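Chains as they are written, first to last, in this note's numbering: chain B, 2 to 476; chain A, 2 to 476. Here is the structure we will look at, set down as structure tokens.
Number of protein chains: 2
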Amino acid sequence: MDFQHWPPVYDEHYFPAPSQRYWFPHIETMDPAERETLILRKLQAIVRWAWEHSPFYRQKWEGAGVHPDHLRTLDDLHRFPVVTKAELRREQAEHPPFGRYLCVDRSEIIRIHGTSGTTGKPTVFAIGRDDWRRIANAHARIMWGMGLRPTDTIFIASFFSLYLGSWGVLVGGERLQATCFPFGAGVPGQTAMAVRWLREMRPTAFYSTPSYALHLAEVAAEEQIDPRDFGFRLMFFSGEPGAGIPATKRKIEEIFGARCVDSGSMAEMTPWMSNAECAFRHGMHLWQDLVYCEVCDPQTFEPVPFGREGTPVYTHLERTSQPMIRLLSGDLTRWVNEPCECGRTYPRLPYGIYGRIDDMFIVRGENIYPSAIEDTLRPMEGFGGEFQIIIDREKAMDKLVIRVEYSEEWAQQAKITPGTLDQLQDQMAKRLRSVIGVWPVIKLEPPGTLPRTEFKARRVVDNRQLYEALVEPSS
Amino acid sequence: MDFQHWPPVYDEHYFPAPSQRYWFPHIETMDPAERETLILRKLQAIVRWAWEHSPFYRQKWEGAGVHPDHLRTLDDLHRFPVVTKAELRREQAEHPPFGRYLCVDRSEIIRIHGTSGTTGKPTVFAIGRDDWRRIANAHARIMWGMGLRPTDTIFIASFFSLYLGSWGVLVGGERLQATCFPFGAGVPGQTAMAVRWLREMRPTAFYSTPSYALHLAEVAAEEQIDPRDFGFRLMFFSGEPGAGIPATKRKIEEIFGARCVDSGSMAEMTPWMSNAECAFRHGMHLWQDLVYCEVCDPQTFEPVPFGREGTPVYTHLERTSQPMIRLLSGDLTRWVNEPCECGRTYPRLPYGIYGRIDDMFIVRGENIYPSAIEDTLRPMEGFGGEFQIIIDREKAMDKLVIRVEYSEEWAQQAKITPGTLDQLQDQMAKRLRSVIGVWPVIKLEPPGTLPRTEFKARRVVDNRQLYEALVEPSS
């Protein structure tokens with residue numbers, strides 16, 4: 002790679018020795034201060050690129066009184082206003098289909114993807130030819146860090162369509178020279194077919210969302226197949242938290258007998274794997290020279306010190322087609338800058354992404370994250386793996402109902418009677434009360450009652466309609 | 002491209018002038034006799050490759066008393082025995098997972114795909130790194146011949162999973178430098194979403210199976226959208242006949258106001274587009290220097306003269322990973338060698354692929370054998386031993402109905418009620434879905450209801466009239 006040139010052009014013939022821990026040893030282990038010089042140079046280049054090619058950014062920045070010349074140090078970056086997803090949707094509605102932040106000629110676009118449009122109008126992603134190669138090289142490098150090697154066969158069990166997760170793994174796996182088995186997901190009956198293929202082909206690596214992996218294990222169990230028989234060595238995930246939540250990580254590792262690695266930022270940020278654990282899995286590294294991440298105060302959007310909690314704000318350093326400069330994730334995490342066992346000198350998110358600054362919900366004044374509820378229930382005896390949160394308002398008082406499936410195993414051991422159900426419900430409510438600060442009403446249900454998602458788990462039903470008029474951040 | 006070297010290596014930087022009709026003018030328009038020399042050289046190379054790398058082929062050929070040295074002219078090829086799909090399945094069952102016709106090192110494999118396993122055990126496809134590039138170059142060249150150009154945006158509306166159709170279009174479209182929008186298909190609700198995206202993005206080109214295009218038009222109509230408003234210029238198809246049948250072609254062209262182009266051979270033969278129409282669409286050309294096709298007598302497997310009907314027997318000329326040498330398609334077609342308006346000097350299939358020499362049938366792009374249905378039902382409790390397959394077309398979508406007799410024994414044990422019938426029907430449908438890849442409608446009937454045959458059971462009733470509007474050839 003030529004570090005002087007921007008946008009960077011990767012040597013497609015480069016390949017590390019298989020015994021080598023790092024794809025690019027120098028960059029991955031360099032002194033953080035030295036890396037900051039590299040990052041700043043790339044940052045200055047992409048900000049200028051956007052200023053010159055995007056009326057959207059220029060207008061936004063002029064309105065905020067900032068100019069590329071103001072970016073003299075990394076610390077200057079927070080003077081540039083954050084971009085929200087709502088803003089991107091609005092921009093694309095006004096300037097269809099790509100918005101005025103498409104910074105390459107249309108002839109350069111080789112791929113179109115998008116969001117599935119759950120919030121009304123979908124967002125369209127256009128990816129340039131050169132960007133696609135940079136994404137491939139970034140993902141290969143990060144997947145190498147997870148421990149993937151050319152000898153691996155990667156079974157990709159997520160939907161190949163608008164969703165970029167599957168495609169990013171595929172193009173990274175190809176660059177890594179692994180064998181890719183892009184099986185997909187989402188079509189009725191496909192999970193049962195996946196079980197058959199997995200048993201037959203025994204791929205060494207597996208990618209999906211964490212909830213899909215748990216679903217797969219259930220389908221395997223229905224066919225009397227132990228998921229350990231698939232023989233996975235490495236499973237890596239994105240698309241929803243889960244794999245970074247200690248209890249879920251442990252559960253996946255136990256069920257499959259494989260190493261569980263967390264990754265993921267946002268589809269808009271592709272290469273989205275710029276947050277990703279290494280093979281030691283002490284929390285996701287921020288691969289800062291690919292995508293620069295600031296963990297920020299959710300009100301001021303200024304970076305918080307290491308050790309503190311905040312929301313990631315991401316900036317592309319290599320994407321020319323639709324560069325995102327300070328895209329607000331709305332996620333919640335805590336970052337640290339302590340050394341990792343792997344030797345990489347990137348900051349880390351030791352607890353992964355564990356909440357949302359917007360889907361976090363408040364019940365009787367308490368901030369509650371579904372992930373906290375999940376983390377509390379997972380290790381409890383009797384918990385069947387699925388739950389749903391329903392928030393109601395009863396006579397002006399918030400009522401938190403958690404529907405929980407009990408496990409088959411528990412049902413067999415403890416005879417199901419109103420008595421045993423009450424007892425387990427009480428235990429769960431008590432345990433949760435101590436974690437979330439609110440007494441929930443637990444409703445135990447038989448296994449298989451709750452709706453399954455093959456994609457992102459949607460577990461919170463808020464009937465109070467409190468958050469309808471979400472305030473846009475005052476950039 | 003270096004024509005002296007085998008396996009061929011394509012120049013990835015080569016690109017024809019946009020105004021040029023042909024990708025490789027010289028090869029596509031050369032004197033057929035001259036081309037035969039080229040084909041023979043490639044044929045000799047691949048037969049020797051298989052002999053040296055594949056115990057499967059060597060054993061088979063030794064048994065038939067043939068040797069690569071016997072291949073002195075194209076005419077000698079028919080001395081080599083045909084390969085059947087059943088043979089490949091058997092070989093993979095005995096030598097899992099790839100069979101002894103995998104002719105490259107496992108480290109060369111970059112992709113795994115497969116059939117959906119209609120005959121019980123699926124066939125596994127392993128594609129080598131270099132083959133994948135050759136497939137890309139072959140498809141780009143053929144798609145260029147269809148009239149696709151870098152300015153096109155190709156909406157790919159077929160399932161991205163085992164099925165190679167979608168992937169072949171994608172990798173060809175990428176090499177052609179078109180914009181690819183790999184939308185996929187098959188997930189509940191996805192067609193309605195496709196309608197929204199098509200109206201919004203207005204891609205110029207569209208790929209799917211012909212029946213899916215008709216289904217899409219119906220879904221559009223439900224939303225009061227005229228499919229002509231999508232603005233397609235070019236639609237191209239494979240996966241099932243249809244697009245080559247004059248009446249269906251006309252129907253698609255009228256509904257969408259676009260040019261309808263037929264293509265396709267077999268997944269095993271990827272690059273499968275080696276049968277494909279050009280922009281003039283006078284029937285599929287046989288791109289003989291990529292995949293050599295002989296249209297053969299269904300008994301002797303010797304080529305029939307031009308003008309006659311037979312079954313295509315295919316031979317890879319550039320695939321090193323799993324070379325198919327004389328793979329019997331079992332399809333039915335008629336070939337001619339008359340000049341085409343486009344100026345290419347390849348033979349043609351003026352009526353496309355219009356039938357089968359066996360009882361295999363295709364529903365929603367899945368190859369289905371009655372024997373697979375029988376094998377699945379046989380061990381099931383409640384199955385009475387007789388069944389009948391009825392294929393209908395309902396609103397342009399294939400509908401597979403299977404009338405099944407339940408057993409006397411089951412009728413005695415389980416009281417016959419709507420509930421017990423439903424339950425057994427569900428079980429059978431679910432089991433079959435996982436094997437044949439399509440949801441059937443099961444109709445349970447009392448023992449003795451279905452017609453008996455004394456000789457070969459003729460169990461398939463196809464009401465779709467796929468092949469009906471066939472014009473009798475004049476030659």
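Beta carbons are placed, not taken as given, at the ideal position from N, Cα and C, and that holds for glycine. None of the values given here were measured: they were computed from a predicted structure.
Start and end residues, beta strand (DSSP E) containing residue i
{"i": "R206 of chain B", "result": "According to the sequence shown, residue 206 of chain B is Ala rather than Arg. Run containing A206 of chain B: A206 to S209, per the beta strand (DSSP E) assignment."}
{"i": "D393 of chain A", "result": "F384 to E395"}
{"i": "E406 of chain A", "result": "M398 to Y407"}
{"i": "I155 of chain A", "result": "T154 to I157"}
{"i": "T180 of chain A", "result": "T180 to P183"}
{"i": "R112 of chain B", "result": "I110 to G115"}
{"i": "P380 of chain A", "result": "Careful: P380 of chain A lies outside any beta strand (DSSP E) and carries neither H nor E."}
{"i": "I128 of chain B", "result": "V125 to G129"}
{"i": "P313 of chain A", "result": "E310 to H317"}
{"i": "L199 of chain B", "result": "Run containing L199 of chain B: none in the beta strand (DSSP E); it sits in the alpha helix (DSSP H), Q191 to M202."}
{"i": "K416 of chain A", "result": "Careful: K416 of chain A lies outside any beta strand (DSSP E) and carries neither H nor E."}
{"i": "T334 of chain A", "result": "D332 to R335"}
{"i": "H286 of chain B", "result": "M285 to L287"}
Inter-residue spacing [alpha-carbon to alpha-carbon] between residue i and residue j
{"i": "I28 of chain A", "j": "A277 of chain A", "result": "16 Å"}
{"i": "A65 of chain B", "j": "P82 of chain B", "result": "7 Å"}
{"i": "V220 of chain B", "j": "I256 of chain B", "result": "13 Å"}
{"i": "W7 of chain B", "j": "N368 of chain A", "result": "50 Å"}
{"i": "G243 of chain B", "j": "R22 of chain B", "result": "26 Å"}
{"i": "F302 of chain B", "j": "A179 of chain B", "result": "39 Å"}
{"i": "Q5 of chain B", "j": "I326 of chain B", "result": "21 Å"}
{"i": "Y15 of chain A", "j": "E175 of chain A", "result": "13 Å"}
{"i": "Y164 of chain B", "j": "H71 of chain A", "result": "52 Å"}
{"i": "H286 of chain A", "j": "E342 of chain A", "result": "12 Å"}
{"i": "G356 of chain A", "j": "D332 of chain A", "result": "6 Å"}
{"i": "N464 of chain B", "j": "E395 of chain B", "result": "11 Å"}
{"i": "T85 of chain A", "j": "Y11 of chain A", "result": "30 Å"}
{"i": "D230 of chain B", "j": "Q414 of chain A", "result": "36 Å"}
Residue i - containing alpha helix (DSSP H), residue span
{"i": "V172 of chain B", "result": "L165 to R176"}
{"i": "V305 of chain A", "result": "Neither: V305 of chain A is in no alpha helix (DSSP H) and is coded neither H nor E."}
{"i": "G356 of chain B", "result": "Taken as a continuous stretch (DSSP letters only), G356 of chain B belongs to no alpha helix (DSSP H), being part of the beta strand (DSSP E) at I354 to R357."}
{"i": "K431 of chain A", "result": "P419 to I437"}
{"i": "E367 of chain A", "result": "Premise fails: E367 of chain A lies in the beta strand (DSSP E), E367 to I369, not in any alpha helix (DSSP H)."}
{"i": "Y58 of chain B", "result": "P56 to G64"}
{"i": "I226 of chain A", "result": "Counting along the chain, I226 of chain A falls outside any alpha helix (DSSP H), and DSSP gives it neither H nor E."}
{"i": "L89 of chain B", "result": "K86 to E95"}
{"i": "F257 of chain A", "result": "P247 to F257"}
Beta-carbon gap between residue i and residue j smaller than 7 Å
{"i": "Y347 of chain A", "j": "R335 of chain A", "result": "no"}
{"i": "I1 of chain A", "j": "A214 of chain A", "result": "Any question about residue 1 of chain A goes unanswered here, given that chain A covers just 2 to 476."}
{"i": "R345 of chain B", "j": "V337 of chain B", "result": "no"}
{"i": "I47 of chain B", "j": "Q289 of chain B", "result": "no"}
{"i": "A127 of chain A", "j": "I136 of chain A", "result": "no"}
{"i": "F207 of chain B", "j": "F161 of chain A", "result": "no"}
Contacting residues, own chain, Cβ-Cβ under 8 Å from residue i (five flanking each side not counted)
{"i": "T119 of chain B", "result": "Residue placement at T119 of chain B cannot be trusted, given a pLDDT of 43 that sits under 50; what the coordinates show is reported in the next sentence. For T119 of chain B, where only same-chain residues beyond five positions count, there are no Cβ hits under 8 Å."}
{"i": "Q45 of chain A", "result": "P69 and L72"}
{"i": "G385 of chain A", "result": "V405, E406, Y407, S408, E409, W411 and P448"}
{"i": "S266 of chain A", "result": "W273, M274, S275, N276, V292, C294, P313, Y315 and S330"}
Other residues of its chain near residue i: CB distance less than 7 Å, five sequence neighbours each side excluded
{"i": "R90 of chain B", "result": "K122 and T124"}
{"i": "E241 of chain A", "result": "T210, P211, S212, I363 and G366"}
{"i": "S55 of chain B", "result": "R101, Y102 and C104"}
Cβ neighbours of residue i in the same chain (closer than 6 Å, five flanking residues each side left out)
{"i": "C261 of chain B", "result": "M236, A244, K250, I253 and E254"}
{"i": "T1 of chain B", "result": "Lying outside 2 to 476, the shown extent of chain B, residue 1 of chain B is not represented and no answer is given."}
- Query: Does the count of Cβ pairs from the segment 365-383 of chain B and the segment 60-80 of chain B closer than 8 Å reach three?
  - Reply: no
- Message: Three or more C-beta pairs under 8 Å: does that hold for the segment 144-159 of chain A against the segment 176-192 of chain A?
- Response: yes
- Decide yes or no for the touch test of the segment 393-402 of chain B against the segment 435-444 of chain B: beta carbon pairs closer than 8 Å, at least 3 of them. With the rule of 3 Cβ pairs closer than 8 Å, the segment 393-402 of chain B counts as touching the segment 435-444 of chain B.
- Query: Do the segment 188-197 of chain A and the segment 233-240 of chain A make contact, defined as three or more Cβ pairs closer than 8 Å?
  - Reply: no
- Using 8 Å as the threshold, is the segment 320-330 of chain A in touch with the segment 103-115 of chain A, meaning 3 or more CB pairs across them? Proximity of the segment 320-330 of chain A to the segment 103-115 of chain A meets the contact definition, three or more beta-carbon pairs being nearer than 8 Å.
- Task: Would you check if there are 3 or more beta carbon pairs closer than 8 Å linking the segment 266-277 of chain B to the segment 164-179 of chain B?
- Result: A contact exists between the segment 266-277 of chain B and the segment 164-179 of chain B.
- Item | Inter-stretch contact at 8 Å, needing at least 3 Cβ pairs: the segment 354-374 of chain A / the segment 389-399 of chain A | yes
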